[in-house]
Every structure is written in C-alpha cells, then in structure tokens.
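A.B. asks:
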Amino acid sequence: MKYIKLGNTGIEVSCLCFGALVIGPLQVNLPIGRGADIILRGFERGINFIDTAELYGTYPHIREAVKRWGKKPIISTKCYAYTKESAAESLNKARKELDMDVIDMFLLHEQESRLTLRGHKEALDYFISQKEKGIIRAVGVSTHNVEVVEACSEMPEIDVIHPLINIKGIGIGDGTVEEMLAAIKKAYDAGKGIYSMKPLGGGNLLGSFNECINFVLNIPYIHSIAIGMQTEDEVEMNVRIFEGQNIPDDLKERVKNTRKKLHIDYWCEGCGKCVERCRQKALEIIDGKAVVKKDKCVLCGYCASACPQFAIKIC
61 MKYIKLGNTG
71 IEVSCLCFGA
81 LVIGPLQVNL
91 PIGRGADIIL
101 RGFERGINFI
111 DTAELYGTYP
121 HIREAVKRWG
131 KKPIISTKCY
141 AYTKESAAES
151 LNKARKELDM
161 DVIDMFLLHE
171 QESRLTLRGH
181 KEALDYFISQ
191 KEKGIIRAVG
201 VSTHNVEVVE
211 ACSEMPEIDV
221 IHPLINIKGI
231 GIGDGTVEEM
241 LAAIKKAYDA
251 GKGIYSMKPL
261 GGGNLLGSFN
271 ECINFVLNIP
281 YIHSIAIGMQ
291 TEDEVEMNVR
301 IFEGQNIPDD
311 LKERVKNTRK
321 KLHIDYWCEG
331 CGKCVERCRQ
341 KALEIIDGKA
351 VVKKDKCVLC
361 GYCASACPQF
371 AIKIC
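Quick note: the sequence shown, position 207, residue 267 per my numbering, numbers continuous.
(1) Over what stretch of residues does the alpha helix (DSSP H) that includes M240 continue unbroken?
(2) Identify the continuous alpha helix (DSSP H) that holds I135 and give its terminal residues.
(3) Helix, strand or coil for P120, going by three-state DSSP, please let me know.
(4) Let me know if N298 comes out buried or exposed under the rule of 16 or more other beta-carbons within 10 Å of its beta-carbon.
(5) Report the rounded CA-to-CA distance for A198 versus M165, giving the unit in angstroms.
(6) Rounded to a whole number of angstroms, what is the C-alpha to C-alpha distance between V162 and E294?
(7) Rank G106, Y116 and L76 by C-alpha distance to the C-alpha of L90 and give the top, closest one.
(8) Contact check, I134 vs V82 under 8 Å by CB: the rounded distance?
(9) What's the C-alpha gap between A211 and L177?
(10) Helix, strand or coil, according to DSSP, for S173 in the structure here?
(11) Taking 8 Å as the threshold, find out whether the segment 272-286 comes into contact with the segment 249-256 through three or more Cβ pairs.
(12) Can you list, in chain order, the residues of its chain with a C-beta nearer than 6 Å to that of H323? Leave out the 5 residues immediately preceding and following it.
(13) In this structure, what does DSSP give as the bridge partners for M257?
(14) Looking at the C-beta of H204, does it have a partner C-beta in chain B at a distance below 8 Å?
(15) Cβ of G102 within 8 Å of Cβ of F78?
Right, dumping it as structure tokens:
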C-alpha cells in the first residue's frame, strides 16, 4: 500500500481510505462485531485511513476494530454543527465513542455553498480552537459542490477538503467534472489535503468499475480516495487495485454481486421528509409514495435518516 502526506497537514495516510458509511445503519447496518471484522481486514491489508461521520453511526464499529488491531489509524469524521455548543457536543461524542483523546480530522459535513460555510463559521472556529489545543489535528469540509471547493482553497484555516468526483460527475451539485477537477487542483496547489469520495457514484458505476477507479487514481491532485466497503471481498479487491495487482475473476464476480440499490418499502406514507433531506434532488413523491430518480441518486442513504416510518434502506 502506498502512503502519502495529506497536503500540508503532516498526516500520512494510505492512498485508499476505508469509507465507513456503508457498514452502518444508513446502509447495510452490520452488527458492530461484523463491521469491525471488515474494517480490521482493511487494517491488515495496509489501509490506515478511515472516513466516517456522526450521521453514519459507525463509531462503535471503528472502536471495536481499533481495539482488536492494537494500533491507532487515521480517522476523519464529520458533523453538521453550526454553533459552538453543537460542535463541542459532536467532538465530545466522537472522542467518547471512538475512545480517542485526539481526533485526526474534523470536517463540516456536506457544505453546499459559500453561504453555508458562513453559516457554520462558529462551529468551524470552535474546531480551529480545539486544533490549537491539540485535540484535533486538522479541520476541513466535505462537499459535493464546486463552489465550496473553490472557496475553501482560499481559506487558510481549512486544512482538508473531501470532495465528490467521478468520471460521470454523478452527484456533483453545481458544475461539471471539468469544473470540479479545476477546483480540486486549485485547492491541492494551495496545500490542502484532498481525499475524494464517490468514485463509483455511490455504486451506480459498478458496471464500468475499472474505468471509473482508474479515472480517479490518475488524478494527480488527489492524495487519497475514500471507497465504501461492506465485505472482505470488497476490501481485497480495492487493495489489489491500489497496489496494481491482478484481480482473480472469481473475486470480481463476488464483488459484482453485491451491487446496491435504494429500496422504499410499501408502508411509505409519502410525507416528503426524504425529499426535503435529499440534496441530490433524487427523490420525488408520486401517487403518495416516495420514488427514486436513479440517474441522480448517489446511494448515500442520508434520506433513510429522515424517514419517520423507517421505510427507506440501501440493500
């Protein structure tokens, strides 16, 4: 496994980042022990970098895997806090549930524009103050939007950016693939640590897996790529790809058969909470039921967290 310094942070990470979203309650909802098994396999295969978030509900899985491994990985987490108080709550929750005194990276989750960055300034300032105390090592943002990447490239207080990029541009909120690449390059040149997300468009691009992964791997201004992994087979295949190794046909077939989709159960009441939550505009209400627009859905599962009837899941 190749390792690299994440921009000017001084933090060394594996070029493959373990995306912990998929193992949690928003997606396949693995038991803590089973989720820890898969994360541990990643550690054993050289991955030292995990992406998670307060929303994902995967702190317990990560904590168990780290306990078994006996070493400390690099962990990046995120929250939606916009006040000092809510930011402090999120930081304390992460430290407690991960059983770690120091959090490597704390990001503002899912920032959409310069306006939302301003609206979260109090939380960002709090995280910066905790960085000065040594409780956080780096601060940053996650985003699907070109505007945010461009804005953060000009903000010296931002250390890390977690942008969405894939060959088809699935999930980019406000621009083209070319515009996102230009914004990422600008941020990279400014010394920001860049670790990308959704190289497979949330699973929608699995049919052209090699082409999509190679596209992102060949972007010279990305330090690490976060990929969601829910089985040991997925860990093995991704590690082999990042190490330039051959992928056995039977392994490819097993991974192909784990393709995901957004499922809406029959008891959906059409309340529209999921539509309001989806920033991809990938859901609509038709005949009193939620319906997914497959061409826009990135299979993040965030809509499931907004459903009062628990009628949405990734499967």
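Note that CB positions come from ideal geometry on N, CA and C, so glycine has one too.
Note that this is a predicted model, so its numbers are computed, not measured.
C.D. replies: Short version:
(1) V237 to D249
(2) For I135, there is no enclosing alpha helix (DSSP H); the residue is part of the beta strand (DSSP E) that begins and ends at I134 to C139.
(3) Under the three-state reduction of DSSP output, P120 falls in the helix class.
(4) buried
(5) The straight-line gap from Cα to Cα measures roughly 5 Å.
(6) 29 Å
(7) Y116
(8) Contact flag wrong, Cβ pair sits at about 19 Å.
(9) The alpha-carbon atoms of A211 and L177 are separated by roughly 9 Å.
(10) Coil.
(11) yes
(12) K373 and C375
(13) L224
(14) Any reference to chain B falls outside this structure, which holds one protein chain only.
(15) yes
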